[in-house]
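J.:
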Amino acid sequence: MADRTGEAPPATSLVIGVTGHRKLRESELATLQGQIRDFLQDLQRRYPELPLVMVSALAEGSDQLAAEVALDLGLRLIAPLPIPAELYRDDFDQPESRARFERQLAQAEVLTLPLRHGNRLEDVRRPGLARDQQYAQAGMFASSHCHILLALWDGLPSDNLGGTAQVVRFHLHGDMPGQIERRRAAVTLLGLDEETVIHHIPAGRRDSDHAIASASRWLTTGEDVVASAELPGAFDLMFRRHAQFNADTRRHAEAIALQAATASDVVPGPIERVFDSADWLARMYQRRVTRVLRITYVLAALMGFAFFTYTHIATQNLVIYGFLGLFLAGMAVMLVARRGDWQRKYLDYRALAEGLRVQSYWRRAGIVDINTPVFAHDNFLQKQDVALGWIRNVMRGASLDGLLLPMPSNIEAQVDAVIEDWIGASDGRGQLGYYAATAKRKTRTHVRAELLGLFCIGLGVGISALLAIFAGQFDAELKHHLVSVLGILSVAAAVHEAYAYKKADKELIKQYRFMQRIFGAARRRLASATSVKDKQRILRALGEAALTEHAEWTLMHRERPLQHSRI
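Here's what the structure looks like:
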């Protein structure tokens, strides 16, 4: 097996899965090879920040043809074998294809998929249903862990279990006839999945005289399968945002490495390194967004003060110029934030970091379900727009990273370490301590902010009452000044209320307290768990609950974008 530990992990790469016919027409091989090369090189030109990784089972025909091109281009190759290599070799009748298999196997990172539940090693030694089920699992694995599925296919339906047509169907619709396992997202089962894409290169079968189109095409799903000559714009945006994450990571690599070196005593793996990047970048963009919010709302308040100063106190043109200057300053700040895409990056990177946090702890605790070929987090952020699919793509690659690493040796000690590091205690480290402390801190801040707002309103009401009672005793100038103060207080209260809404502190406090209860309940359950399996089940449930809450957090903040016009 090749040692490619120095290369970019799948989490930061564009992963290409392969499916296709085994018996290709000899007359088409050179053309197909050229089309595969053009396809891969086009992706490299479009997305130079995304290294390409190929997932191929190295079966005879299409799998080997695509793998050969990938290796020629220096791409990383991952080979999920449907059965152990010593049995898989029996599939290669021709000496050339067997030699090619051995050569590619030596250059690939090999992942031997486990036998499907109910299958035994003896069952898959010979052709039959059990062996076909293993091939189907390999096709489903490649589909579920790739970002683009490359299909060398004649375009015809087929009843062959695990065949190219069925893998294409699984990729587009989430189910495969004869297989129990399905993609887990409910929207996929309802036919609403719009996040899978296939690059279809027409390829004829050797035993068929069916006419084949010459042009490749892209296949996606909406209400029906949609074919297009160019990559759909939604997927281009998805891949470009993935590339932006890589570019941001590279730009701030030194600061990220410095934080990672002091943050944890755990030796980082591929998932942890990507988490460190996402976490650091999310914090950086959060600080920027917070500063923009404060500056913008302070400017809005000053604009209100300038208006009342002009109408009730002074009428100099300087006040008008100041008003316009404050407005333009607010527009400039907002423009800088928008051009830098700060809020979108903050929310995306935070959602990604929290997803990777769960994956990292699951991996350390041995909660890696290689027995199911589908990706476990297809429903994360699914209720939001397709552009967020890049986050699931990173997590899909991170899942592949986790499967390639050896399982922890002392699993019981690892599970206990994960419990302490991830959950911790309410008065210490871990998420339990974080949510407890953050909820308490935000509650104090929210109470102070509420008191400040009430003070402004109360003072305004007091001035109103004063004017109502003593209006006849005040001279015109004093009443004029009191009305101005009343207006300024009203502006201050309104700006304060808008700022509080934008920060969503009240909702966040509820969410943090809820998460504190979830982690507290998990801690109590774990304390009474009697086996490692029980602890792993609790940690899996905790991770799924955490992912759901993080998705809700992202949705809430996406509904409150930075918009100068709405201040």
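Under numbering that gives the first Met the number 0, read the sequence shown as residues 0 to 566, first letter to last.
Yeah, the Cβ is synthetic: ideal placement off N, Cα and C, and Gly gets one too.
Counting only beta-carbon separations shorter than 8 Å, does E48 have a partner in chain D?
T.: You won't find chain D in this structure, because it holds only one protein chain.
J.: Cα separation between G190 and G388?
T.: Taking the sequence shown and counting its residues from 1, one reaches residue 190 at position 191. Taking the sequence shown and counting its residues from 1, one reaches residue 388 at position 389. In this prediction, G190 scores a pLDDT of 42, lower than 50, which makes its location untrustworthy; the coordinate-derived value is nonetheless stated afterwards. So the alpha carbons of these two residues sit roughly 17 Å apart.
J.: Work out the CA separation of H556 and Q510 for me, nearest whole Å.
T.: Residue mapping note: residue 510 aligns to position 511 of the sequence shown, counting from 1. Residue mapping note: residue 556 aligns to position 557 of the sequence shown, counting from 1. So the two alpha carbons sit approximately 13 Å from each other.
J.: Closest to S408 by C-alpha separation, out of R363, T18 and S530, would be which residue?
T.: Within the sequence shown, residue 408 is the residue found at index 409, counting from 1. Closest by alpha carbon: R363.
J.: In its own chain, which residues sit with a C-beta less than 8 Å from the C-beta of I456, not counting the 5 before and 5 after it?
T.: Within the sequence shown, the letter at position 457 stands for residue 456. For I456, where only same-chain residues beyond five positions count, the Cβ hits under 8 Å are L488 and A492.
J.: Taking the alpha carbon of E222 as the point to measure from, which residue in V332, I77, H172 and H445 has its own alpha carbon closest?
T.: Taking the sequence shown and counting its residues from 1, one reaches residue 222 at position 223. Of V332, I77, H172 and H445, the residue nearest in Cα terms is H172.
J.: Are the Cβ atoms of L399 and H144 separated by less than 8 Å?
T.: Looking up residue 399 in the sequence shown gives position 400. Looking up residue 144 in the sequence shown gives position 145. Contact flag set, yes.
J.: I'd like the span of the beta strand (DSSP E) that includes I197, first residue to last.
T.: Mapped onto the sequence shown, residue 197 falls at position 198. That run of the beta strand (DSSP E) goes V196 to P201.
J.: How is the beta strand (DSSP E) around R216 delimited, first residue to last?
T.: Taking the sequence shown and counting its residues from 1, the one referred to as residue 216 is at position 217. Its beta strand (DSSP E) spans residues R216 to T220.
J.: Ends of the alpha helix (DSSP H) at M394?
T.: Position 395 of the sequence shown, counted from the start, is the residue given in the question as residue 394. Taken as a continuous stretch (DSSP letters only), the alpha helix (DSSP H) holding M394 covers G388 to L403.
J.: Residue ranges of each alpha helix (DSSP H) run of no fewer than 4 residues wholly in the segment 524 to 550, ordered along the chain?
T.: The qualifying runs do not exist here; there are none.
J.: Distance, Cα to Cα, L104 vs L404?
T.: Here residue 104 refers to the residue found at position 105 of the sequence shown. Here residue 404 refers to the residue found at position 405 of the sequence shown. Distance between the alpha carbons of L104 and L404: 18 Å.
J.: Going by the CB atoms, is the gap between G401 and Q358 shorter than 8 Å?
T.: In the sequence shown, residue 358 corresponds to position 359, counting from 1. In the sequence shown, residue 401 corresponds to position 402, counting from 1. Yes, these two residues count as a Cβ contact at 8 Å.
J.: Span of the alpha helix (DSSP H) holding R97?
T.: For the purposes of this step, residue 97 is taken as the residue at position 98 of the sequence shown. Segment P94 to Q106, the alpha helix (DSSP H) holding R97.
J.: Please determine, among R75, G542, R102 and L149, the residue with the shortest C-alpha to C-alpha distance to R88.
T.: Against the sequence shown, residue 88 aligns to sequence position 89. Measuring from the Cα of R88, the nearest candidate turns out to be R102.
J.: Give the secondary structure of L155 by DSSP, where H, G and I count as helix, E and B as strand, and everything else as coil.
T.: By one-based count along the sequence shown, residue 155 stands at place 156. Three-state DSSP puts L155 in coil, outside helix and strand.
J.: Quick one: which unbroken alpha helix (DSSP H) runs of 4-plus residues sit fully inside the segment 4 to 77? Chain order, please.
T.: DSSP runs (the alpha helix (DSSP H)) wholly in the segment 4 to 77: 28 to 45 and 61 to 71.
J.: Do the segment 61 to 71 and the segment 13 to 21 meet, that is, are 3 or more Cβ pairs less than 8 Å apart?
T.: Flag = yes, the segment 61 to 71 and the segment 13 to 21 touch.
J.: Regarding V54 and the ligand NAP, is the C-beta to nearest heavy atom distance less than 7 Å?
T.: You won't find the ligand NAP in this model; it holds no ligand whatsoever.
J.: To the nearest whole angstrom, what separates the beta carbons of A164 and L155, a pair I think is in contact under 8 Å?
T.: Sequence index remark: in the sequence shown, residue 164 carries index 165 (1-based). Sequence index remark: in the sequence shown, residue 155 carries index 156 (1-based). Their Cβ separation, rounded to whole angstroms, is 7 Å, which keeps A164 and L155 in contact under 8 Å.
J.: Quick check: N245 and E48, are their CB atoms within less than 8 Å of each other?
T.: Within the sequence shown, numbered from 1, the residue matching residue 245 stands at position 246. Within the sequence shown, numbered from 1, the residue matching residue 48 stands at position 49. Their beta carbons are under 8 Å apart, which means N245 touches E48 by this criterion.
J.: Sorted by chain position, which residues of the same chain lie with C-beta nearer than 8 Å to A29's C-beta, five sequence neighbours on each side aside?
T.: By 1-based counting over the sequence shown, the position of residue 29 is 30. Excluding sequence neighbours, A29 sits near nothing in its chain.
J.: Mapping DSSP to helix, strand and coil, what is S142?
T.: Within the sequence shown, the letter at position 143 stands for residue 142. If DSSP states are grouped into helix, strand and coil, S142 belongs with the helices.
J.: From S425 to A526, what does the alpha carbon distance come to, in whole angstroms?
T.: Numbered from its first residue, the sequence shown carries residue 425 at position 426. Numbered from its first residue, the sequence shown carries residue 526 at position 527. Cα-Cα distance, rounded: 15 Å.
J.: Excluding the 5 residues preceding and the 5 following E27 in the sequence, name in chain order all residues of the same chain whose CB lies nearer than 8 Å to its CB.
T.: Counting from one through the sequence shown, the residue named residue 27 turns up at place 28. Once the five neighbours on either side are set aside, the close Cβ partners of E27 are A202, G203 and I211.
J.: Starting from the C-beta of L51, find all residues in its chain whose C-beta is less than 7 Å away, skip the five residues before and the five after it, and write them out in chain order.
T.: Within the sequence shown, numbered from 1, the residue matching residue 51 stands at position 52. Excluding sequence neighbours, L51 sits near S12, L13, I15, L39, L42, Q43 and L74.
J.: Tell me the DSSP bridge mates of T111?
T.: What you label residue 111 is simply residue 112 of the sequence shown in a count that begins at 1. DSSP, once it has assigned bridges, lists L80 as partnering T111.
J.: In chain order, what residues of the same chain have a beta carbon less than 7 Å from the beta carbon of R565, not counting five sequence neighbours either side?
T.: Residue numbering aside, residue 565 sits at position 566 when the sequence shown is read from its first letter. Because R565 carries a pLDDT of 49, less than 50, the predicted location of this residue cannot be relied on, and the following value inherits that uncertainty. Nothing listed; no residue qualifies.
J.: Between the segment 336 to 353 and the segment 230 to 239, are three or more C-beta pairs nearer than 8 Å?
T.: No: fewer than three Cβ pairs fall under 8 Å.
J.: Alpha carbon to alpha carbon, how far is E194 from F234? Give it in angstroms, no decimals.
T.: Within the sequence shown, numbered from 1, the residue matching residue 234 stands at position 235. Within the sequence shown, numbered from 1, the residue matching residue 194 stands at position 195. Rounded to whole angstroms, F234 to E194 spans 8 Å at the Cα level.
J.: Which term fits Q472, buried or exposed, when burial requires 16 or more other beta carbons within 10 angstroms of its beta carbon?
T.: The residue labelled residue 472 in the question sits at position 473 within the sequence shown. Q472 comes out exposed.
J.: For A467, does the count of other Cβ atoms within 10 angstroms reach 16, so buried, or fall short, so exposed?
T.: Numbered from its first residue, the sequence shown carries residue 467 at position 468. By the 10 Å Cβ count, A467 comes out exposed.
J.: So what's S213 in DSSP terms, helix, strand or just coil?
T.: Within the sequence shown, the letter at position 214 stands for residue 213. Reduced to three states, the DSSP call for S213 is coil.
J.: Please classify T289: is it buried, with 16 or more other beta-carbons within 10 angstroms of its beta-carbon, or exposed?
T.: The residue you call residue 289 lines up with position 290 of the sequence shown. Classification for T289: exposed.
J.: Suppose contacts are defined by Cβ-Cβ distances below 8 Å. Is R391 in contact with A281 by that definition?
T.: In the sequence shown, the residue the question calls residue 391 occupies position 392. In the sequence shown, the residue the question calls residue 281 occupies position 282. In this structure, A281 does not lie closer than 8 Å to R391 by Cβ.
J.: Just mark S142 as buried or exposed, buried being the case when its beta carbon has 16 or more other beta carbons within 10 Å.
T.: As a first step, residue 142 must be located in the sequence shown, where it is residue number 143. Its Cβ being crowded by 16 or more others within 10 Å, S142 is buried.
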